[in-house]
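Read the structure below first, then the notes.
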Amino acid sequence: MNPKRDLAITLSFLIFGANIIYYLMQIKVNPGVNIIYLKNYIVPNYVTAILFDWRGYDTLGECLVLIVAVMISWIIFGKSLYDNSFLKELFKAPEVGEYITLQRWGEFTLAIKYLSLPLSIFLVGLGIVTILGGHITPGGGFQGGALIAASFILSIIAFGSNSPLWFDHPFLEKLETLGALAYIIIGFLGMIIGGYYLFNFKTIFGLDIFPGPIAAGIIPYLNIAVGLKVLASLSTAIYLLSCEKVIIERIEKSDEILK
Amino acid sequence: MIVDYFYPSILAFLIGVLIGYRYRIKLNHFFGYIIISLIIAKFLGAFPYYPFPLSFEFLFSILGIFVGNKLKRDN
Amino acid sequence: MAMNLLPVIVLFPITMALILNLLHENEKLVKYLTYILSLILIFLPFIGSFGYYYFGGHGVINGYTTGIAYFYNVGKQVLLLILSFIVSISLITGMGEKFKNNMFVVLTLMGYAGISAIILSDDLFNLYVFFEIVSMVQAGLVFLSGTEESYKAGLRYLLIGVVAGSLMLLGITIIIAITGSLNISDIKYYILDSPLAYVGSILLIIGLAYSSGIPPFHNIKVDLYSRAKGFISAVLQTYSKFIFVALSIIIIKIFSGLSFFSSLKGILIALSVISMVFGTVLAILEDDYKRLLAYSSISHLGFVGIGIALSSPLAILAGIFHAINSVVFKSGLFLSAYIVSNIRGPKLLNLGGLIKYIPFTAFFTLLLIFSAVGVPPFGGYVSKLLLIREIMPQFPEIAGLMILISVGSFVYLMKAFYLIFLAPNKEDYNDIRYPKVAYYSLVILSLLSLILGIFSNIILNKLFTLVKI
Amino acid sequence: MIVMDFQTASFLTAGILIVIGLYGVFFVDNIIKKIIALEILGSGVNLTLISICYNKYIPIKLPNMVNFAQYSAYPLTQALVLTNIVIEASMLAIMLGVSIILYKKYKTLKCSVILKED
């Protein structure tokens, strides 16, 4: 590399870094809109209230980020490419019929084998509880969905291709799309009932839409939609990063289309 | 109404069925799982504002997983 | 109760994208759906009513806007209309390919939704979220080419993108900390004159530079444009220019009352001049048609940037109008590059003598080149004239430089035109095959460029609502 | 000895994390390490966001709801961090995917090799 260019980069990096640290330490916080959020009570979990009610549209955007990321991961691994010769050259036909073809996939000890199945079941339960309690306890769709995906990952790591919990990819694709669509449709319902997109309506035809001690309105449903979506997205990401055979199948499929 | 308080449990059961249907093996030791999940549910505690001694949502989600697993014919 | 359908502009493309994502197997359905969609897209900007829109009905409480707000006016409508027009033309052109690619449609629609959200948004964090969606979508559209270079270009773009995005978020964080609000119209009132606000503005400018591709980020952007298929590059450069317009207007809106604003203006002008000069010089040296157009696109961004950075209403107006014009003629030129590179690759020296085989394509390309260079009565002429007239009293040197740059752009575009269409061909073409749809799109875009020039007054009047800051 | 309050110290930590992240991105020649550095940079920004929530009246006991606004930590940026974490994670997932493919091609993780301009 060019030493002069290196020096210039180093100097600008040092100046920039020093400035960032110096000015960050000068920050004096103005609470501003926070006070309004704290004084207007929606649900007991104030963060959830912001996430799904005051700024629910941001959360929709965040869902879309995740869904776009998963779509692009599919593209990277050979879905719908205009030209797949580069990938075909890299991913040769599989030697074994198993889905997970990591090299030197050794056997785990018995303790791991016997514990991971019950653990994964209980993790799923815990994830479901976290999703459903999003409006009253610390938690919510993202955390719960991540927990369920974690149980999938645990199961895959412990058992490899014979994983007892197995989401096949058509199911994951559908679940993901349906989760995001459910979010959008709930938003439109709010638009029909209250006049604004993602309006939080608590009753419909005189019935509570989420019966219980806390009138949370649409927030629990949004939590469920997000939970299913996150579960699907994270599982797909793991699926793609670990299962080479899926990629090879995908490339073969796109070969037929391109011909 | 007390029935209203079971609404999240019903949802938990449904989601449990959805996930339980995806287990490729037959899940055994039903009562063992239920006993352990009772213990976990006791320690988890019910949601705030819900007058339950234990977390019925957790219990019902585990039940849902087993029911979903039973619904799948081919294993 | 009259319902304001403004969010449908963003949500309809997203919903359709999600549905199309599931239609991988059925190419025929994808094709017809895309045709219908591209028709609907053009009517989308007309369904919202003007003014503020508060999501979830969370309006202003105690002087703070509590929820997420959108703001819509006639100027934004014109921008969205041009955006939908070019996106639908590219979508239709994409259906001319042998493989009717559903992911191309999905990602383009997602990008459309993201850009329209950025244009409409009156909320900094919401803008950031959609900004990230757009930068991912751009990488994804390049990955669709499937070549090794496209993977590299996309990875490089994302690596820098996370850095720039994080720094931009840091800027937004600083602004939240000192004003306690995320709403752009509110921030204007609560922001105080302090060095911290200056740091925040610089960090926002980093995000702006990355997303639009002005230096120091021009290389990765040019890589992105040149590795993608021609109709995809047309969409990509449209996205970058509209992000540039939206973000720079927001930056000017937030910081225009503060004491350091003149130095901020200086930074923006310097960046724009550098991008103008760099773009032109590198384009003259280039021998690949697509890369040449990509560099030229960067240099046109400089024109837009100077107009907006001057921040007098007329100059901003001229800048935005030039953005619209350049989006139109550059999309047309990228489509012509798509036709040409379908025949024998984009390398200029391998081509030549194509005027005998595709005379009409050559003619309409020439029209677009005239618009790009600034020949009356095309749109490019009107906007360049307006720009130079606005800049002349303040910075006569820059005005002179802009004329020089225009001459430079004439040089490299005519060089490309000569080498492709007029120069003697070295070997015979055994078959000239290109998608017919691309040709019709090219015709439409060159006519649009002419219309923009002739009816410029109407459009300028409509755009004027955008610049009343 | 310099005494600083909790919030300033938190901002300082965030600044140091950001600088470490930037160093990693610009000066380390390994794609995975670069991605990890991006994660550190993102954590720095997230920590800055979180530090804004700090309210120095945080009490040991929960107050009654009347004074809640005065005593509670500010919730806005906590929600933003949740959003930002997901955004970062998805960006990193895409980059990891591409680096797997480029690793398969070049059998190395060096950026100077796999991202070389031609």
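Residue numbers (my numbering), protein chains in the order written: chain A, 2 to 260; chain B, -9 to 65; chain C, 346 to 814; chain D, 12 to 129. The beta carbon of each residue, even a glycine, is placed where N, CA and C say it ideally should be. Please read these numbers as outputs of a predicted model, since none were measured by experiment.
Looking only at Asp169(A), Gly213(A), Gly135(A) and Gly191(A), the smallest Cα-Cα distance to Ala238(A) is reached by Asp169(A).
When secondary structure is reduced to three states using DSSP, Asp209(A) falls in the strand class. Shown here for Tyr222(A): same chain residues with a beta carbon closer than 8 angstroms to its own, the five before and five after excluded, namely Ala183, Ile187, Ile210 and Phe211 in chain order. DSSP, read as helix, strand or coil, puts Ala9(A) in helix. Per DSSP, Ala768(C) lies in no beta strand (DSSP E) segment and is marked neither H nor E.
Nearest CB-CB separation between Gly456(C) and chain D: not below the 8 angstroms threshold. Contact between Thr19(D) and Ile61(D) does not hold, since their C-beta atoms are separated by about 14 angstroms, which reaches or exceeds 8 angstroms. Listed along chain C is no residue with a C-beta nearer than 7 angstroms to that of Ala217(A); the closest approach is about 14 angstroms. Lys692(C) is bridged by DSSP to Asp633(C). Three or more Cβ pairs closer than 8 angstroms define a contact, and the stretch 704 to 714 of chain C falls short of that threshold against the stretch 603 to 623 of chain C. Contact annotation: the stretch 711 to 731 of chain C touches the stretch 671 to 682 of chain C, with at least three C-beta pairs closer than 8 angstroms. Contact note: Val130(A) reaches chain B through Ala2, Leu34, Ser45, Glu47, Phe48 and Ser51, using a C-beta cutoff of 8 angstroms and chain order.
Judged by DSSP secondary structure, Ala112(A) falls within the alpha helix (DSSP H) whose first and last residues are Leu111 to Leu133.
For Ala104(D), the nearest beta carbon of chain A is closer than 8 angstroms to its own beta carbon. Looking at the DSSP output, Asp468(C) shares a beta bridge with Asn528(C). The beta carbon of Ala707(C) is closer than 6 angstroms to those of Ile700 and Phe766 in its chain, skipping five residues each way along the sequence.
Under the DSSP definition of a beta bridge, Ile406(C) partners with Tyr409(C). Taking a Cβ-Cβ cut-off of 8 angstroms, the neighbours of Thr178(A) in chain C comprise Leu363, Ile364, Asn366 and Leu367, given in sequence order.
Here Leu120(D) carries a coil assignment [DSSP, helix/strand/coil]. Not flagged as an interface residue toward chain A: Gly58(B), since no C-beta distance is shorter than 8 angstroms.
Beta-bridge partners assigned by DSSP to Tyr397(C): Phe416(C).
For Arg251(A), no Cβ of chain D is located within less than 8 angstroms of the residue's own Cβ.
Interface annotation, Asn224(A): not in contact with chain D, CB-CB separation never under 8 angstroms. Residue state for Leu592(C) is assigned as helix, using DSSP reduced to three classes.
Neighbours of Phe37(B) in chain A, taken as residues whose beta carbon is under 7 angstroms from its own, are Gly134, Ile137 and Thr138 in chain order. Scanning chain C for C-beta atoms nearer than 9 angstroms to the C-beta of Ser83(D) yields nothing, as the closest lies near 15 angstroms away. Its chain contains Ile51, Leu52, Ser54, Gly55 and Leu58 as the residues whose beta carbon lies nearer than 8 angstroms to that of Leu28(D), once the 5 sequence neighbours on both sides are disregarded; these appear in chain order.
Along the stretch 51 to 68 of chain D, going in chain order, the ones with a CB nearer than 7 angstroms to a CB of chain C are Leu52, Gly53, Val56, Thr59, Leu60 and Ile63. The C-alpha of Ile437(C) is placed about 10 angstroms away from the C-alpha of Leu382(C).
When 9 angstroms is used as the limit between beta carbons, Tyr34(D) is near these residues of chain A: Phe14 and Gly18, in chain order. Taking C-beta atoms under 8 angstroms as the contact rule, Asp59(A) and Asn201(A) fail to qualify, at a distance of about 15 angstroms. Of the other Cβ atoms in all chains shown, fewer than 16 fall within 10 Å of the Cβ of Glu742(C); this residue is therefore exposed. Excluding the 5 residues flanking it on each side, Asn59(B) has same chain C-beta neighbours closer than 6 angstroms at Gly10, Tyr13 and Leu17, in chain order. Closest in alpha carbon position to Phe449(C), among Ile215(A), Lys203(A) and Ser81(A), is Ser81(A).
Ranking His645(C), Ser751(C) and Glu772(C) by CA distance to the CA of Arg689(C) puts Glu772(C) first.
Counting the other Cβ atoms within 10 Å of the Cβ of Phe153(A) gives 16 or more, which makes it buried.
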